[in-house]
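Numbering (my numbering), first residue to last: -6 to 267.
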Ligand code: AMP
Ligand code: MN
Ligand code: MN
Ligand code: MN
């Protein structure tokens, strides 16, 4: 078995459509793949068809944006029922927030004589959700920056053109949507938030009553000492351990599909509940 329980397609900010993504997963000998696009389940039907074609088990997933004490967090929902009304209502909320943010971003760029509207709209298409990487790509296409890194240094972030502060739903609400859809709520990339260990524990203690089930213990960029620390926390709090690459693009060698380190066998893997 080889699991990758976190990746993106063209339905959010990934480069590959579901079919190409599943083909790559097959090449990498992945047996179980969760497609976890940002704030959308729209890619899951195509992904299911492609998975069947390639003999891979698709785990239906999502990565929902949310906040805790004003801090942006990402919550994975794994094994979701993507027809759940409560989940779909939540997804519609986040999609609307993203569309409103994109509009404010267009206006902010236009104030600085940069017109990204057509490029972003075309990239996103009718079924996708607008994300900052679409704006980064538009800036690259217009020759304003040379790569996404530069786009995220000079634009799109706090204090720069194109930054629009967001108020995402509360983490407890988002965990509730996932649970209502019979999915497992798993905190994505816990090290990304740069919390101290004690702050991470406060977050875990706040998420447990809401129904969180696990932590993403292993990603390709999680250090061995961090993997150990996160694994310890899953044991201490009776949580499940997940692993995923957060794959977006073959241009990002630090997040290769299937590239997360195997979980140690003293942890309870999230797939024990699938
Ligand atoms: P959003 O959820 O629309 O605010 O966009 C966040 C996404 O931007 C993340 O999921 C990453 O995929 C991407 N991202 C953030 N920082 C960078 C960066 N420095 N370079 C490339 N992509 C980035
Ligand atoms: Mn992303
Ligand atoms: Mn994320
Ligand atoms: Mn992700």
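Glycine included, every Cβ here is placed at the ideal spot set by N, Cα and C.
Because the structure is a prediction, the values reported are computed rather than measured.
Bridge partners - residue i, DSSP secondary structure assignment
i: residue 13; result: Per DSSP, none; premise fails for residue 13.
i: residue 259; result: According to DSSP, residue 259 bridges with nothing at all.
i: residue 61; result: 64
i: residue 236; result: 211
i: residue -4; result: 25
i: residue 103; result: Answer is none; residue 103 lacks a bridge partner.
i: residue 148; result: 154
i: residue 50; result: 25
i: residue 55; result: 70
Residues near residue i in its chain [Cβ-Cβ closer than 6 Å; skip 5 each side]
i: residue 219; result: 184
i: residue 248; result: 213, 238, 239, 240
i: residue 8; result: 242
i: residue 205; result: 168, 178
i: residue 11; result: 2, 36, 39, 40, 43
i: residue 68; result: 57, 59, 167, 178
Beta-carbon separation (whole angstroms), residue i vs residue j, contact threshold 8 Å
i: residue 51; j: residue 26; result: 6 Å
i: residue 70; j: residue 197; result: That pair is no contact at about 17 Å.
i: residue 265; j: residue 173; result: The pair is not a contact, with the Cβ atoms about 22 Å apart (cut-off 8 Å).
Distance CB(residue i)-CB(residue j) smaller than 8 Å
i: residue 3; j: residue 152; result: no
i: residue 293; j: residue 32; result: Absent from the structure is residue 293, since the part of the chain shown begins at -6 and ends at 267.
i: residue 193; j: residue 235; result: no
i: residue 175; j: residue 73; result: yes
i: residue 53; j: residue 251; result: no
i: residue 112; j: residue 157; result: no
i: residue 281; j: residue 55; result: With the chain represented from -6 up to 267, any question about residue 281 goes unanswered, as that position is not in the structure.
i: residue 102; j: residue 136; result: no
i: residue 17; j: residue 28; result: no
i: residue 88; j: residue 99; result: no
i: residue 182; j: residue 6; result: no
i: residue 180; j: residue 66; result: yes
i: residue 162; j: residue 83; result: yes
i: residue 253; j: residue 61; result: no
Own chain partners of residue i with C-beta closer than 7 Å, once the 5 adjacent residues on each side are dropped
i: residue 92; result: 123
i: residue 130; result: 116
i: residue 159; result: 90, 94
i: residue 147; result: 138, 153
Close-in-space but distant-in-sequence residues of the same chain around residue i (CB under 8 Å, 5 per side omitted)
i: residue 259; result: 224, 228
i: residue 222; result: 190
i: residue 244; result: 8
Taking a cut-off of 7 Å, which residues have a beta-carbon closer than that to any heavy atom of ligand 2, in chain order? A distance filter of 7 Å between CB atoms and the heavy atoms of ligand 2 selects the following residues in sequence order: 1, 5, 6, 31, 124, 126, 241.
Residues surrounding ligand 4 [beta-carbon distance to nearest heavy atom under 5 Å]: Shown in chain order are the residues whose CB sits closer than 5 Å to a heavy atom of ligand 4: 56, 239.
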